[in-house]
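So the sequence shown is numbered by numbering that gives the first Met the number 0: it starts at 0 and just counts up by one.
To start, the structure under review is shown below, and the notes come after it.
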Amino acid sequence: MRSAPLSAFLPDQTTGRAKLTYTKVLQGSSPEYLSVSVDRAGSGSYDGRKLDDPPHPRPLKLSDATTQKLFELAAALGDFRAVDLESHKRVANLGTKTLTYEEDGQKYQARFNYSLRREAQELSELFEKIAAVEQHIAVLEYAAKYDHLSLPRELLQIQIDLNNKALADPQLMVPTLDQIARNPRFLHLAQVRAQNILERLQNTN
């Protein structure tokens with residue numbers, strides 16, 4: 000699907016600061032809707048939910064390296080100006096992905112299910128890895144409040160995802176992990192796993 004300017008002359012409160020947004024919609028998945036937005040300063044938001052649920056974005060702050068990589072990949076795709084990213088091949092429904100670039104009141108979008116463009120694949124994958132971190136944070140926060148027994152399982156999944164290099168900017172989890180590691184109300188196994196992850200993240204910085 001070819002992109003086109005959507006708002007050439009509309010005023011924008013963040014005029015001059017470019018923003019990238021990635022959304023994916025896949026009914027029946029978890030989450031069914033996810034969105035990650037980020038500006039050139041690394042400030043942005045994440046929203047992951049069921050399609051019928053109201054928006055509930057969470058603020059995030061990405062590292063300089065991740066932010067730079069996102070914008071480099073977008074630039075390689077012409078910031079989605081007049082680009083067709085869809086493969087137009089018969090493939091399974093992998094979710095409708097939309098990439099949006101906004102700057103100075105201009106907005107460009109490219110939408111696809113599956114793309115053969117390496118840059119589009121890498122950009123989508125990086126956004127998915129950011130979303131995975133935010134999903135882990137949300138699950139940890141919920142479990143810390145309402146379901147202590149599920150913490151060890153979620154922390155184990157984080158360790159597996161780290162082993163598989165499936166997370167981008169995992170340091171975003173540090174405040175939540177630190178609370179779990181330091182709080183004796185939680186299972187000892189949860190505290191140990193949280194501490195192990197913290198040490199691993201510190202050693203990779």
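Built from N, CA and C at the ideal position, the CB exists for glycine as well.
Computed from a predicted structure; not experimentally measured.
{"query": "Cβ contact (3+ pairs, closer than 8 Å) linking the segment 70-87 and the segment 114-127", "result": "yes"}
{"query": "Buried or exposed by the 16-neighbour rule on C-beta atoms within 10 Å, applied to R89", "result": "exposed"}
{"query": "Exposure label - L148; buried when at least 16 CB within 10 Å", "result": "exposed"}
{"query": "Whether P30 touches G47 by CB criterion (8 Å)", "result": "yes"}
{"query": "Through-space distance from T66 to G94, alpha-carbon basis", "result": "24 Å"}
{"query": "Continuous beta strand (DSSP E) assignments of at least 3 residues falling wholly in the segment 82-121", "result": "95-102, 105-111"}
{"query": "Given P151 as reference, the closest of F126, Q134, D160, V191 once Cα atoms are compared", "result": "V191"}
{"query": "Own chain, CB closer than 6 Å to D160, minus 5 neighbours either side, in chain order", "result": "L166"}
{"query": "Simplified DSSP state of L9, which is helix, strand or coil", "result": "Caution is warranted here: a pLDDT of 40 is assigned to L9, below 50, making its placement in the model unreliable, and the coordinate value is therefore given only provisionally. Looking at L9 - three-state DSSP - the assignment turns out to be coil, as it is neither helix nor strand."}
{"query": "Reduced DSSP category for L59 - H, G, I as helix; E, B as strand; rest coil", "result": "strand"}
{"query": "Cross-strand partners of S34 (DSSP beta bridge)", "result": "T22, D46"}
{"query": "Among K49, R16, S62, the one whose alpha carbon lies nearest that of I129", "result": "S62"}
{"query": "Buried versus exposed, by CB contacts within 10 Å (16 or more), Y141", "result": "exposed"}
{"query": "Unbroken alpha helix (DSSP H) run spanning N163, endpoints", "result": "Segment: none, N163 is in no alpha helix (DSSP H) and carries neither H nor E."}
{"query": "C-beta atoms of I136 and T99 nearer than 8 Å", "result": "no"}
{"query": "Exposure of A40, with buried meaning 16 or more beta-carbon neighbours within 10 Å", "result": "exposed"}
{"query": "Helix, strand or coil at A17 [DSSP, three-state]", "result": "coil"}
{"query": "A180 versus V173: straight-line alpha-carbon distance, rounded", "result": "10 Å"}
{"query": "Where L188 falls: helix, strand or coil (DSSP)", "result": "helix"}
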